[in-house]
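A.B. asks: Numbering (the working numbering), first residue to last: 1 to 323. Each residue gets a CB set at the ideal place from its N, CA and C atoms; glycine is no exception.
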């Protein structure tokens with residue numbers, strides 16, 4: 001009998017271990033993906049520069065962090081608040097000097113992490129970009145500055161690949177064994193129109209194909225579009241993958257990149273986390289205290305594999321309080 005679906009094959013490849021350090025960069029999908037890895041106790045720095053959709057801005061942020069460089073021409077002020085066109089709007093301040101310090105701090109965090117990173121995961125969101133008319137500089141965020149100050153353009157595959165090669169050559173000087181995974185975000189950019197969103201995603205997918213000599217490609221986009229392929233797997237905005245869809249994509253990632261013992265450990269950890277999230281009616285009851293002791297035993301059994309000190313201390317505190 002037909003299965004009535006086209007499941008994407010995510011057969012195992014070179015695994016990613018819990019001991020490896022991971023940096024995620026890119027779209028909002030990179031935020032969620034990085035947080036999922038962190039929840040599963042991987043050592044991950046998740047999208048430290050905030051949401052960044054276009055590839056060249058992603059690459060430039062990494063280069064600038066590596067070079068300790070912040071473009072002074074891209075600071076802008078609106079209603080007494082300072083922004084920087086290369087950075088997400090989460091980075092704001094009441095003065096240019098204060099914002100500069102904030103940006104230098106996040107650059108330092110990333111630069112130090114790059115000294116030890118094992119895996120870089122990049123999620124590209126769109127090939128559409130905006131340039132300042134006055135300087136022809138590409139911006140990451142317009143920060144609601146008047147649209148007449150920008151030109152919209154479509155990045156070419158060649159531009160993106162050249163930008164990628166520059167940043168990788170720079171980073172691999174200090175991390176020659178760095179492993180790079182790239183994905184195309186399945187989030188649909190409706191503001192560009194669905195027709196032009198398709199053009200954009202096509203360029204990004206072509207770039208990933210051309211880069212496959214140097215990177216691993218994880219088919220998050222194809223899983224959403226060709227495997228799930230149903231509006232019930234979208235949020236109510238019909239643009240973003242639902243929690244169920246994200247869980248499915250994460251499982252596919254696990255199938256490809258995690259070893260059997262890692263999968264088993266994550267399963268145990270998830271069971272413990274779900275149990276700890278349960279709010280009992282009677283904390284001091286014998287049944288709940290028994291549950292806490294059982295949970296503590298499980299946590300102690302995996303503490304040599306993953307950092308669960310916080311969880312252990314929380315459970316012990318509840319046991320002590322009602323001893």
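(1) Quick one: what does DSSP say residue 199 is sitting in, helix, strand or coil?
(2) What would DSSP say about residue 151, mapped onto helix, strand or coil?
(3) Which of helix, strand or coil does DSSP assign to residue 37?
(4) Restricting to Cα atoms, I'd like to know which of 273, 290, 254 and 267 is closest to residue 17.
(5) Does the Cβ of residue 85 have 16 or more other Cβ atoms within 10 Å, making it buried, or fewer, making it exposed?
(6) Can you list, in chain order, the stretches of the beta strand (DSSP E) that have 3 or more residues and sit fully within the region 15–80?
(7) Look at the alpha carbon of residue 1 and the alpha carbon of residue 145, and state the distance between them as a whole number of angstroms.
(8) Helix, strand or coil for residue 163 per DSSP?
(9) In three-state DSSP terms, what is residue 112?
(10) Quick check: the Cα distance between residue 19 and residue 316, rounded to an integer number of angstroms?
(11) DSSP puts residue 241 in a beta bridge; with which residues?
(12) Output needed for residue 78: all residues of its chain with C-beta closer than 8 Å, excluding positions within five of it in sequence on either side, in chain order.
(13) Taking DSSP's pairing of strands, which residues face residue 132 in a bridge?
(14) Which residues in the same chain as residue 292 place their Cβ atom closer than 6 Å to its Cβ, once the five residues preceding and following it in sequence are excluded?
(15) Take residue 105 as the anchor and find which of 149, 76, 48 and 83 has the nearest alpha-carbon.
(16) Hey, how far is the Cα of residue 302 from the Cα of residue 263?
(17) Quick one: using the 10 Å Cβ neighbour count with 16 as the cut-off for buried, is residue 94 buried or exposed?
(18) Identify every residue that forms a DSSP beta bridge with residue 216.
(19) Using C-beta distances below 6 Å, list every residue in its chain close to residue 75, excluding the 5 sequence neighbours before and after it, in chain order.
(20) So is residue 216 buried or exposed if we call it buried at 16+ other beta carbons inside 10 Å?
(21) Compare the C-alpha of residue 132 against each of 5, 73, 272 and 251 and name the closest.
(22) On the CB-based measure, 16 or more other CB atoms within 10 Å of its CB, does residue 189 come out buried or exposed?
(23) With a threshold of 7 Å between beta-carbons, can residue 308 be considered close to chain C, or not?
(24) Taking residue 200 as the reference, give the member of 161, 155 and 116 with the closest Cα.
(25) Assuming residue 276 and residue 311 form a contact by the criterion Cβ under 8 Å, report the distance between their Cβ atoms to the nearest whole angstrom.
(26) Hey, is the region 18–34 in contact with the region 277–285, meaning 3+ C-beta pairs nearer than 8 Å?
C.D. replies: With the structure as the only source:
(1) Here residue 199 sits in helix by DSSP.
(2) strand
(3) helix
(4) Checking every option, the nearest Cα to that of residue 17 belongs to 254.
(5) buried
(6) 21–26, 43–46 and 75–78
(7) Summary for residue 1: the model assigns pLDDT 45, below 50, so the residue's position carries little reliability; its value from the coordinates is reported in the next sentence. So the two alpha carbons sit approximately 56 Å from each other.
(8) helix
(9) helix
(10) About 26 Å.
(11) The partner list for residue 241 (beta bridge, DSSP) reads 234.
(12) 143, 144 and 145
(13) 150
(14) When the five nearest sequence neighbours on each side are left out, the beta carbons in the same chain lying within less than 6 Å of the beta carbon of residue 292 are those of 315, 318 and 319, in order along the chain.
(15) 48
(16) 13 Å
(17) exposed
(18) 181
(19) 84 and 96
(20) Residue 216 counts as buried, since no fewer than 16 other beta carbons sit within 10 angstroms of its beta carbon.
(21) 73
(22) With 16 or more Cβ atoms within 10 Å of its Cβ, residue 189 is classed as buried.
(23) The question asks about chain C, but that chain is absent: this structure has only one protein chain.
(24) 155
(25) 7 Å
(26) no
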